[in-house]
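Written out below as structure tokens is the structure these notes cover.
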Amino acid sequence: MTYAVTVDTQFPNGAPELDELHRVGAGALLEHGFDSVESIDGPDGVEAEIADTWVGVHPGGALLKVFVDAPALEFAEQAVRALVEELLERSELLADWTVERCEVELHPDIAKESLEAADGPDAPPDDISSRRARLTEPNARDASADATGEVVDTEMAQRRMRSMAAGLRAFGPEMFGAPDEEEKDDELADSGSRLSVDDAELAAGALVWATDVLLDELFQDVYALAEEETNVADCDRPMWLLDELPPRYALRYDARFARRFLVTAIALTTRFTEGSFEQLSCVAEELALRLLLGRAEVALETFGLLDDGVASALECFTTLVCEDMDHEWLYDDAKDGIDESSVGDYLGVVPMGLTSWFTPFNDHRFVHPYVMDEPFAEES
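Its first residue numbered 43, the sequence shown is counted upward by one per residue in my numbering.
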């Protein structure tokens, strides 16, 4: 079975962020390392063959995708971790980097089907995270850990999200309805008429958290569509994310479209995190933001952190970042074609057909060159 293993590597704390030249160099070293390996040796002579790799270097490290043919999920994770650690050790420039995460993210439908097929007292737990924990933890476990595990997970997730908030460099707390640094001591900030800084921080951190999830899931969908040589509507494999786009165009969401949408999502979230964001550039970015917000809400809800204050902070962010919500009409078949009608002209609705999704709203908006100048076939 082919597993998509996600690897998050980082350089030591306190080291300066990588500039563009160093990012190119690090990427070349990692890509060369992967190219030099065709398979990974495992225990008992079992091999994992590398089917494909992707390297994305960012200022704080690198996100890697390694597609391997392996007999089991756990073997795929262990083999890829060992390979990446070896590649880092080989290079003097990367020797101090560490592997922070190395795991396969199973689609819930596939995981459920696989686990339901197992039976008997030795069957793995019904939850993937529990299964992985059972394989990696010592046999003797503290009985009290189970009783407090959920609370600990929530507290850890909350601390982690708050620590990630500073990574959303393009936006201050005011974008989430909270007072900024200059307003913290104002009477307005203390009057309860605005959301708290804590709510804004948690909402911002959730968006950074969700960025990782969003891109991971898009990578999975791109790979699935490329392997199946089909589109979202006809793909036999479950989709992680692309089936949440407007269903009216599902037959046209193929691998090429998926790659363009992935690049759009990367460009958008890069501007969010490096601080250069000004405005949404095209319909595809509006839809990518919609998916990002959805993943942020799911993450918060999973850990019991989506209270009214945080939900309001995300709602405020959406209102301020989106110039309008016209893209929501793409999910309403009754509004199909409104952008080409006299009503649409009167309301100033931009073209929203699939052929226009990657077209900049105007000459001052940024769209990544990879997604431009390749129109789809004319819509029927």
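Each residue gets a CB set at the ideal place from its N, CA and C atoms; glycine is no exception.
Fill in: Sequence-distant residues of the same chain with beta carbon closer than 7 Å to Thr190, five excluded per side
Its pLDDT being 44, under 50, Thr190 is placed unreliably by the model, and the measurement read from it follows with that caveat. Only residues of its own chain outside the window of five on either side were considered, and among them none has a CB closer than 7 Å to the CB of Thr190.
Worksheet entry | Span separating the alpha-carbon of Thr284 from that of Val274 | The question names Thr, but residue 284 is Leu in the sequence shown. For Leu284 and Val274, the distance between alpha carbons rounds to 7 Å.
Practice prompt. Kindly provide the ranges of any beta strand (DSSP E) runs that are 3 or more residues long and lie completely inside the segment 211 to 296, ordered along the chain.
Written response: DSSP runs (the beta strand (DSSP E)) wholly in the segment 211 to 296: none.
Worksheet item: Which residue comes first and which comes last in the alpha helix (DSSP H) that contains Val340?
Response: Start and end: Val325 to Thr344.
Practice prompt. Quick one: measure Cβ to Cβ for Phe403 and Ser323, integer angstroms, because I've assumed they're closer than 8 Å.
Written response: Cβ atoms of Phe403 and Ser323 come within 8 Å of each other, at about 6 Å.
Worksheet item: Is the beta carbon of Tyr45 sitting closer than 7 Å to the one on Val146?
Response: In contact: Tyr45 and Val146 (Cβ atoms closer than 7 Å).
Discussion item. Once DSSP output is grouped into helix, strand and coil, what is the label at Glu59?
Written reply: Residue state, collapsed to three classes: coil.
Worksheet entry | Within 7 Å, strictly: CB atoms of Thr306 and Ala330 | Thr306 is a Cβ neighbour of Ala330, given a cutoff of 7 Å.
Worksheet item: Can we count Cys144 as close to the ligand ZN, meaning its CB is less than 6 Å from some heavy atom?
Response: In terms of ligand content, the structure shown is empty, and the ligand ZN therefore cannot be addressed.
Worksheet item: Val49 to Asp405, Cα distance in whole Å?
Response: Pairing Val49 with Asp405, the inter-Cα distance amounts to about 37 Å.
Discussion item. Looking at Gly214: is its Cβ nearer than 7 Å to the Cβ of Arg236?
Written reply: Not closer than 7 Å, so no.
Practice prompt. Note down, in chain order, each residue of its chain lying with its Cβ closer than 8 Å to the Cβ of Ala338, except the 5 sequence neighbours on either side.
Written response: If the five residues before and after Ala338 are omitted, its C-beta is found closer than 8 Å to the C-beta atoms of Ala245, Ala248, Leu249, Trp251, Ala252 and Leu356, all from its own chain and listed in chain order.
Discussion item. I need the boundaries of the alpha helix (DSSP H) containing Glu131, first residue and last residue.
Written reply: Element bounds for Glu131: Leu115 to Arg132.
Worksheet item: According to DSSP, which residues form a beta bridge with Leu105?
Response: The partner list for Leu105 (beta bridge, DSSP) reads Asp50 and Gly98.
Worksheet item: Taking contact to mean at least 3 C-beta pairs separated by less than 8 Å, is the segment 69 to 79 in contact with the segment 121 to 139?
Response: Put simply, the segment 69 to 79 touches the segment 121 to 139. At least three CB pairs are less than 8 Å apart.
Worksheet entry | Beta-bridge partners of Ile82, as assigned by DSSP | In the DSSP output, where bridge partners are listed per residue, Ile82 has Ala90.
Worksheet item: Which residues share a DSSP beta bridge with Arg143?
Response: According to DSSP, which records beta bridges pairwise, Arg143 is partnered with Asp50.
Worksheet item: How long is the line joining the alpha carbons of Ala118 and Val255, rounded to whole angstroms?
Response: Whole-angstrom Cα-Cα distance: 20 Å.
Discussion item. The alpha helix (DSSP H) that contains Thr361, what's its start and end?
Written reply: Residues Asp350 to Val363.
Worksheet item: Hey, how far is the Cα of Trp282 from the Cα of Asp276?
Response: Computed Cα separation, rounded: 14 Å.
Worksheet item: Based on Cα-Cα distance, which residue from Met394, Leu348, Leu372 and Met367 lies nearest to Ala199?
Response: Considering only alpha carbons, the answer is Leu348.
Practice prompt. Write down the C-beta distance between Tyr412 and Pro288 rounded to the nearest angstrom, noting that I regard them as a contact closer than 8 Å.
Written response: Rounded to whole angstroms, the Cβ separation of Tyr412 and Pro288 is 22 Å, and the two are not in contact under 8 Å.
Worksheet item: Considering only residues of the same chain and omitting the five flanking positions on each side of Ala68, which have a CB-CB separation below 8 Å?
Response: Within the same chain, and ignoring the five residues on either side of Ala68 in sequence, the residues whose Cβ sits closer than 8 Å to its Cβ are Leu60, Val99, Ala104, Leu135 and Leu136.
Item to complete: Assign Arg201 to buried or exposed, taking buried as 16 or more other Cβ atoms, counted over all protein chains shown, within 10 Å of its Cβ.
Response: Arg201 should be labelled exposed.
Discussion item. Applying the 10 Å Cβ sphere with the 16-neighbour rule, what's the burial state of Asp77?
Written reply: When all chains shown are included, Asp77 counts as exposed.
Fill in: Buried or exposed (CB count within 10 angstroms, at least 16 for buried), Asp83
So Asp83 ends up on the exposed side.
Item to complete: Would you mind giving the Cβ-Cβ distance between Phe408 and Arg302, rounded to the nearest angstrom? I have them listed as a contact below 8 Å.
Response: In this structure, Phe408 and Arg302 do not form a Cβ contact; the two beta carbons are roughly 15 Å apart against a cut-off of 8 Å.
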